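Structure first, commentary second.
There are 2 protein chains.
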Amino acid sequence: MVQNKQTEAPKRRGRPRAYDPQSALERATDAFWGAGYAATSLDQISAATGMNRPSLYAAFGDKHALYLEALARYWRISLEATRNALDGDRPLDEALMLAYEAALDIYFSGDGRPRGCFVVGTAVTETVEDSQIRDSVAAGLRSIDADFEARLRLGQERDELGGDADPAGLAILASATMHTIAIRARAGIARAELQELARKAVAAICGRQAGAI
Amino acid sequence: MVQNKQTEAPKRRGRPRAYDPQSALERATDAFWGAGYAATSLDQISAATGMNRPSLYAAFGDKHALYLEALARYWRISLEATRNALDGDRPLDEALMLAYEAALDIYFSGDGRPRGCFVVGTAVTETVEDSQIRDSVAAGLRSIDADFEARLRLGQERDELGGDADPAGLAILASATMHTIAIRARAGIARAELQELARKAVAAICGRQAGAI
DNA sequence: TGAATTCTGTACTGAATCGTACAAATATAT
DNA sequence: ATATATTTGTACGATTCAGTACAGAATTCA
Numbered sequence: 001m002v003q004n005k006q007t008e009a010p011k012r013r014g015r016p017r018a019y020d021p022q023s024a025l026e027r028a029t030d031a032f033w034g035a036g037y038a039a040t041s042l043d044q045i046s047a048a049t050g051m052n053r054p055s056l057y058a059a060f061g062d063k064h065a066l067y068l069e070a071l072a073r074y075w076r077i078s079l080e081a082t083r084n085a086l087d088g089d090r091p092l093d094e095a096l097m098l099a100y101e102a103a104l105d106i107y108f109s110g111d112g113r114p115r116g117c118f119v120v121g122t123a124v125t126e127t128v129e130d131s132q133i134r135d136s137v138a139a140g141l142r143s144i145d146a147d148f149e150a151r152l153r154l155g156q157e158r159d160e161l162g163g164d165a166d167p168a169g170l171a172i173l174a175s176a177t178m179h180t181i182a183i184r185a186r187a188g189i190a191r192a193e194l195q196e197l198a199r200k201a202v203a204a205i206c207g208r209q210a211g212a213i
Numbered sequence: 001m002v003q004n005k006q007t008e009a010p011k012r013r014g015r016p017r018a019y020d021p022q023s024a025l026e027r028a029t030d031a032f033w034g035a036g037y038a039a040t041s042l043d044q045i046s047a048a049t050g051m052n053r054p055s056l057y058a059a060f061g062d063k064h065a066l067y068l069e070a071l072a073r074y075w076r077i078s079l080e081a082t083r084n085a086l087d088g089d090r091p092l093d094e095a096l097m098l099a100y101e102a103a104l105d106i107y108f109s110g111d112g113r114p115r116g117c118f119v120v121g122t123a124v125t126e127t128v129e130d131s132q133i134r135d136s137v138a139a140g141l142r143s144i145d146a147d148f149e150a151r152l153r154l155g156q157e158r159d160e161l162g163g164d165a166d167p168a169g170l171a172i173l174a175s176a177t178m179h180t181i182a183i184r185a186r187a188g189i190a191r192a193e194l195q196e197l198a199r200k201a202v203a204a205i206c207g208r209q210a211g212a213i
């Protein structure tokens with residue numbers, strides 16, 4: 001059996017940690033996700049992770065650094081989900097619909113109320129006065145745009161779109177659809193309604209010949 | 001000359017107010033708009049409005065009530081701007097483009113950094129744990145949807161869309177375009193880029209025969 | 001076994017926060 | 001003038017918050 005790679009089996013010297021950094025970051029993300037960055041206190045994060053404050057500081061630095069790590073992790077996971085949905089050899093309309101379903105899985109995850117997108121729900125608020133969060137958000141948005149546009153260009157090559165369609169323009173609409181779903185999910189709109197919204201958007205983007213899904 | 005209606009000329013009894021409630025609410029909105037609801041302290045609002053804390057409480061109630069008033073006022077103004085853009089007898093593509101330009105005027109207003117949409121940038125964060133803000137956001141979103149859909153149906157009657165187009169589906173894309181602009185503006189994307197984005201979106205929504213604007 | 005190392009948990013500090021009490025100020029009503 | 005009503009501004013209390021100091025606990029190395 002291969003040596004455990006996730007912790008790099010470091011044979012650390014002193015008292016062992018009572019927490020797993022990865023799952024601690026995940027629970028810290030959950031804490032921020034609900035009330036947002038500013039309204040979430042370190043005490044709440046401490047409670048959510050089971051780590052006391054000094055351990056939080058030792059592991060992640062201050063609240064801001066912890067949030068940046070949570071944000072980066074969320075981008076990784078959510079961008080990967082979108083790419084996985086778009087990458088396959090599915091028809092275009094199916095691929096788009098799958099991307100939105102994957103997003104909805106994330107937006108409706110967790111135990112409490114639906115929280116929508118972590119970025120739209122918590123990071124966007126901070127972008128005005130926080131350049132690091134702003135840069136992260138801007139980069140992530142462009143990345144999603146590029147993924148949609150690449151898939152739509154492929155669709156055009158495969159004659160899945162009208163020949164006169166503009167992949168760049170449609171990519172904007174595809175990204176925009178994801179953003180409006182992100183907002184509405186957090187605002188309490190039911191998942192079924194958002195699925196229906198996604199279906200209509202996909203049909204409109206793909207040129208109304210859809211109906212498969 | 002008609003009696004001053006805005007203050008109802010009430011001949012109040014005690015010491016007169018040193019502030020104008022309307023402009024105070026406007027400046028309080030500005031204060032919230034930058035850092036968001038949770039990160040904006042009453043001291044900052046006090047500084048922005050020139051009112052001291054007891055006067056703020058007397059005029060608006062606590063921080064939460066003040067924010068709700070600011071949110072309601074923002075919805076009033078921004079929904080009216082959208083309706084004015086869509087209501088006229090302009091061609092559909094011009095009307096849509098004008099709606100996005102009106103939104104951009106709001107999103108890029110103020111002295112400091114661009115703040116995007118007040119709702120998307122500050123209210124959406126609070127929707128998970130605050131039912132009053134959630135209800136306000138949900139209602140406003142539906143209202144914009146309805147405005148776009150009404151204009152698109154009119155466009156279909158006037159043969160400004162393909163006969164097989166689905167106004168409800170396109171209305172979703174029109175709303176979504178506004179939302180993605182709101183997010184991107186706050187994330188620091190330049191206004192010129194967002195105008196170009198809006199043009200492409202309008203062209204795609206209206207069936208690519210655009211080019212007028 | 002003892003020294004060195006790393007983490008845990010309590011407890012503390014200083015600052016920021018919200019909300020309000022209270023006296024002074026400024027107007028109208030009689 | 002005097003009483004009444006309303007707002008202003010200072011000042012205070014109670015709470016919460018971020019960040020850290022420090023002692024004790026748990027582990028590895030020699």
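Keeping their order, the protein sequence lines are chains A and B.
When the letters of the first sequence are read in order and numbered with this note's numbering, they come out as residues 1 to 213.
When the letters of the second sequence are read in order and numbered with this note's numbering, they come out as residues 1 to 213.
For each residue, glycine too, the CB sits at the ideal point set by N, CA and C.
What you are looking at is a predicted structure, and each value in this text was computed from that prediction instead of being measured.
How long is the line joining the alpha carbons of T180/A and I183/B, rounded to whole angstroms?
Along the first sequence, one-based indexing puts residue 180/A at 180. Along the second sequence, one-based indexing puts residue 183/B at 183. Looking at the two C-alpha atoms, the distance is approximately 10 Å.
Alpha carbon to alpha carbon, what distance is there between R17/A and W33/B?
Here residue 33/B refers to the residue found at position 33 of the second sequence. Here residue 17/A refers to the residue found at position 17 of the first sequence. Cα-Cα distance, rounded: 41 Å.
Using a Cβ-Cβ distance cut-off of 8 Å, determine whether H179/B contacts chain A.
Counting from 1 along the second sequence, the entry for residue 179/B is found at position 179. Closer than 8 Å to some Cβ of chain A, the Cβ of H179/B qualifies, so yes.
Quick check: the stretch 11 to 31 of chain B against the stretch 27 to 44 of chain A, are at least 3 beta-carbon pairs closer than 8 Å?
In short, these stretches do not touch, since the Cβ pair count stays below three.
Can you say whether R199/A is buried or exposed, counting buried as having 16 or more other CB atoms within 10 angstroms of its CB?
As a first step, residue 199/A must be located in the first sequence, where it is residue number 199. With 16 or more other Cβ atoms within 10 Å, it is buried.
At a Cβ threshold of 8 Å, is E193/B touching chain A?
Here residue 193/B is taken as the residue at index 193 of the second sequence, counted from 1. E193/B does not count as touching chain A.
Tell me the DSSP secondary structure of E129/B in three-state form.
Numbered from 1 along the second sequence, position 129 holds the residue referred to as residue 129/B. Coil at E129/B, not helix or strand.
So, is P167/A buried or exposed, given that buried needs 16 or more other C-beta atoms within 10 angstroms?
Position 167 of the first sequence, counting from 1, holds the residue named residue 167/A. The residue in question, P167/A, is buried, as its Cβ has 16 or more Cβ neighbours within 10 Å.
Which of the three DSSP states, helix, strand or coil, is assigned to S175/A?
On the first sequence, residue 175/A is found 175 positions in, with the first residue counted as 1. Note: S175/A maps to helix in three-state DSSP.
Beta-carbon within less than 7 Å of D20/B's beta-carbon, same chain only, minus the 5 sequence neighbours each way: which residues are those?
Reading the second sequence from its first residue, position 20 is the one you call residue 20/B. There are no such residues.
When burial is assigned at 16 or more other CB atoms within 10 Å of the CB, is P54/B buried or exposed?
Sequence index remark: in the second sequence, residue 54/B carries index 54 (1-based). By the 10 Å Cβ count, P54/B comes out exposed.
My guess is that T122/A and Y37/A are in contact by the Cβ rule of under 8 Å, so how many angstroms apart are they, rounded?
The residue labelled residue 122/A in the question sits at position 122 within the first sequence. The residue labelled residue 37/A in the question sits at position 37 within the first sequence. That belief holds up - the Cβ atoms of T122/A and Y37/A are roughly 5 Å apart, short of 8 Å.
Let me confirm a value: D145/B is counted as buried when at least 16 other C-beta atoms fall within 10 Å, else exposed. Which label applies?
By one-based count along the second sequence, residue 145/B stands at place 145. By the 10 Å Cβ count, D145/B comes out buried.
Counting only Cβ-Cβ distances shorter than 7 Å, please list the residues of the stretch 48 to 61 of chain A near chain B, keeping chain order.
Listed by position along the chain: nothing, the set is empty.
Distance cutoff 8 Å, beta carbons only. Does A212/A sit that close to anything in chain B?
Taking the first residue of the first sequence as position 1, residue 212/A is located at position 212. Reliability fails at A212/A, whose pLDDT of 35 lies under 50, so the model's placement of it is uncertain and no value is given.
Which chain B residues sit within Cβ distance under 8 Å of R134/A?
As a first step, residue 134/A is located in the first sequence; it is residue number 134 there, counting from the start. Per Cβ cutoff of 8 Å: A187 and G188.
Give the residues from the stretch 196 to 210 of chain A that approach chain B closer than 7 Å (Cβ to any Cβ), ordered along the chain.
Those would be L197, K200, A201, A203, A204 and R208, in chain order.
Select from L68/B, E196/B and Q156/B the residue whose C-alpha is nearest the C-alpha of D130/B.
Your numbering for residue 130/B matches position 130 in the second sequence. Ranking the options by Cα distance to D130/B, first place goes to L68/B.
Answer yes or no: do V124/A and R186/B have a C-beta to C-beta separation smaller than 8 Å?
In the first sequence, the residue the question calls residue 124/A occupies position 124. In the second sequence, the residue the question calls residue 186/B occupies position 186. Taking 8 Å as the Cβ cut-off, V124/A and R186/B qualify as a contacting pair.
Can you confirm whether the stretch 189 to 206 of chain B touches the stretch 168 to 176 of chain A when touching is taken to mean that 3 or more C-beta pairs between the two stretches lie within less than 8 Å?
Flag = yes, the stretch 168 to 176 of chain A and the stretch 189 to 206 of chain B touch.
Kindly indicate which residue of A190/B, A48/B and L42/B has the alpha-carbon position closest to the one of R235/B.
The structure shown has nothing for residue 235/B, since chain B only spans 1 to 213.
Here's the rule: buried if 16 or more other CB atoms are within 10 angstroms of the residue's CB, otherwise exposed. What is A72/B?
Taking the first residue of the second sequence as 1, we reach residue 72/B at position 72. Answer is exposed; the Cβ neighbour count stays below 16.
Going by other Cβ atoms of all chains shown within 10 Å of its Cβ, with 16 needed for buried, is G155/A buried or exposed?
Within the first sequence, the letter at position 155 stands for residue 155/A. Its Cβ being crowded by 16 or more others within 10 Å, G155/A is buried.
Measure the C-alpha to C-alpha separation of T177/B and L98/B and round it to an integer number of angstroms.
Along the second sequence, read from residue 1 onward, the residue named residue 177/B stands at position 177. Along the second sequence, read from residue 1 onward, the residue named residue 98/B stands at position 98. In a straight line, the C-alpha of T177/B is about 13 Å away from that of L98/B.
Kindly give me the distance between the Cβ atoms of F118/B and Y57/B, rounded to whole angstroms, as I take these residues to be in contact under 8 Å.
Counting from 1 along the second sequence, the entry for residue 118/B is found at position 118. Counting from 1 along the second sequence, the entry for residue 57/B is found at position 57. Actually they are not in contact, since the Cβ atoms of F118/B and Y57/B sit about 23 Å apart, beyond 8 Å.
Looking at C-alpha atoms only, which residue of R15/A, E193/A, L152/A and A204/A is the closest neighbour of R90/A?
The count along the first sequence starts at 1 and reaches residue 90/A at position 90. Nearest C-alpha to R90/A: L152/A.
Spell out whether any CB of chain B is found under 8 Å from the CB atom of I183/A.
Start at 1 with the first residue of the first sequence, and residue 183/A comes out as number 183. Yes, I183/A lies at the interface with chain B (some Cβ there is under 8 Å from its Cβ).
Does the Cβ-Cβ distance between G88/B and A95/B come in under 8 Å?
The sequence position of residue 88/B within the second sequence is 88, counting from 1. The sequence position of residue 95/B within the second sequence is 95, counting from 1. In contact: G88/B and A95/B (Cβ atoms closer than 8 Å).
Applying a beta-carbon distance threshold of less than 8 Å, which residues of chain A neighbour I172/B?
Start at 1 with the first residue of the second sequence, and residue 172/B comes out as number 172. Neighbours of I172/B on chain A, chain order: T177, T180, L197, K200, A201 and A204.
List in chain order: all unbroken alpha helix (DSSP H) runs of 4+ residues lying wholly within the stretch 31 to 84 of chain A.
Segments of the alpha helix (DSSP H) lying fully in the stretch 31 to 84 of chain A: 42 to 49 and 53 to 60.
Quick check on DSSP: helix, strand or coil for Y107/B?
Here the question's residue 107/B lines up with position 107 in the second sequence. Y107/B: helix per DSSP, three-state reduction.
Counting only Cβ-Cβ distances shorter than 9 Å, please list the residues of the stretch 21 to 32 of chain B near chain A, keeping chain order.
Cβ contacts with chain A: none found.
G116/B to L104/B, Cα distance in whole Å?
Residue mapping note: residue 116/B aligns to position 116 of the second sequence, counting from 1. Residue mapping note: residue 104/B aligns to position 104 of the second sequence, counting from 1. Cα to Cα, the separation comes out at about 8 Å.
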